[in-house]
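Trainee: In terms of this note's numbering, the numbers along the sequence shown are unbroken and rise by one, the last being 323.
Backbone N, C-alpha and C define an ideal beta-carbon position, used for all residues, glycine too.
There's a structure below that I have some questions on.
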Amino acid sequence: MQELEQLVKYYIDFSDWNDYNEELIKRAFNNQHNEYYKKYSNINQGIGIYDYIRGIDTNQLAYKVNLAKKKVENCVMTLKRLVEKLPLIVQDENIQDLQTKGRVFYNRGFIVHGHNDMKKLEVARFVENDLKRKAIILHEYPNRGRTIIEKFEDYSKVDFAVALWTADDDGKSKKENDLKYRARQNVIFETGFFIGKLGRENVIVLYEDGVEIPSDYSGVIFIRFAENWKDDLRKEINAIYQLEI
């Protein structure tokens, strides 16, 4: 059990270290296509898949430890090679990518959703067709051998998140008698994740009438699903980009 806890901590530390490296490489080179960032971010893509196909038990603790070490070794080797190339790398002076004041934009947003497929598709179509931003809906992308958490982290590199708090569940505290409409637990969790990752100013909650709103989400942008929700959402998403330009 102690070894498992150490492995979990190791993965958390590695994820933090790896995210820092990705952001550093992204900002350090203003080459328009930044092949250095792409190479680093994909270095461990698909690692372990061939072992799984060959029938190796990838759930064994010893295997997971060796896999974690291999991921770190791959990253370190890539970073060393990049450092060796630094004197030869030429920066582009007039980069055309949408990036200002140190922030790099991906031109996409993550749609956090529950069981209301109609609302999910309506919001995604609006983001893509009207606002011209890519809408990431997680289940539309292949798993490629990743766990849900790994897949979620891979696709969370976005400029903003729109969380749909629809009346999917009922719940109440022990002190209350009446049930209240609530968003799904995964929706609440993912909303909190993006608040931590992007900042609350880049997270927008679209909520249905009657859905309970936790008090510790004060300061987050809330928009009620009403006739003018598209106008309000357009204003908030455009502001995310205009504030940086």
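Out of E228, D309 and E100, which one is the CA nearest neighbour of K117?
Mentor: Here the question's residue 117 lines up with position 39 in the sequence shown. Selected option, being the one with the closest Cα: E100.
Trainee: Using a Cβ-Cβ cut-off of 6 angstroms (strictly less than) and excluding sequence neighbours within five positions of G249, which residues of its own chain qualify?
Mentor: The residue labelled residue 249 in the question sits at position 171 within the sequence shown. So the list reads R260, once near-sequence residues are dropped.
Trainee: How far does the alpha helix (DSSP H) with I272 in it reach, from first residue to last?
Mentor: Stepping through the sequence shown from its first residue, residue 272 is reached at position 194. Correcting the residue identity first, residue 272 is Phe in this sequence and not Ile. Looking at the DSSP string, the run of the alpha helix (DSSP H) that includes F272 is Q263 to L276.
Trainee: Residues in its own chain within less than 8 angstroms of N280 by CB, not counting five upstream and five downstream?
Mentor: Counting from 1 along the sequence shown, the entry for residue 280 is found at position 202. Around N280: D237, F238, A239, F272 and I318.
Trainee: Counting only the same chain and skipping the five closest in sequence on each side, list residues whose C-beta sits under 7 angstroms from that of R203.
Mentor: For the purposes of this step, residue 203 is identified with residue 125 of the sequence shown, where counting begins at 1. Contacts found: none.
Trainee: Whose C-beta lies closer than 6 angstroms to the C-beta of L257 among residues of the same chain, with five residues either side of it excluded?
Mentor: Numbered from its first residue, the sequence shown carries residue 257 at position 179. Correct list, in chain order: D248 and K250.
Trainee: Could you please give me the residues that DSSP links to W243 through a beta bridge?
Mentor: Mapped onto the sequence shown, residue 243 falls at position 165. The partner list for W243 (beta bridge, DSSP) reads Y285.
Trainee: In terms of alpha-carbon separation, which member of Q263, Y285, I291 and F300 lies closest to R278?
Mentor: For the purposes of this step, residue 278 is taken as residue 200 along the sequence shown, with counting starting at 1. Among Q263, Y285, I291 and F300, the Cα nearest to that of R278 belongs to F300.
Trainee: Buried or exposed for Y115, please, with buried defined as at least 16 other CB atoms from any protein chain shown within 10 angstroms of its CB.
Mentor: Start at 1 with the first residue of the sequence shown, and residue 115 comes out as number 37. Buried.
Trainee: Quick check: what's the CA-CA separation for N122 versus E151?
Mentor: As a position in the sequence shown, residue 122 is number 44, starting the count at 1. As a position in the sequence shown, residue 151 is number 73, starting the count at 1. Going by the C-alpha atoms only, they are around 10 angstroms apart.
Trainee: Three-state secondary structure (DSSP) at K250?
Mentor: Here residue 250 refers to the residue found at position 172 of the sequence shown. Correct three-state label for K250: coil.
Trainee: Skipping 5 residues on each side, what residues in its chain have a beta carbon closer than 8 angstroms to that of K308?
Mentor: Working through the sequence shown from its first residue, we reach residue 308 at position 230. So the list reads F204 and D208, once near-sequence residues are dropped.
Trainee: Considering only DSSP beta bridges, list what R260 is partnered with.
Mentor: Position 182 of the sequence shown, counting from 1, holds the residue named residue 260. D247, per the DSSP bridge assignment.
Trainee: Tell me where the beta strand (DSSP E) around V161 begins and ends.
Mentor: Against the sequence shown, residue 161 aligns to sequence position 83. No beta strand (DSSP E) contains V161, which is instead part of the alpha helix (DSSP H) from L139 to K163.
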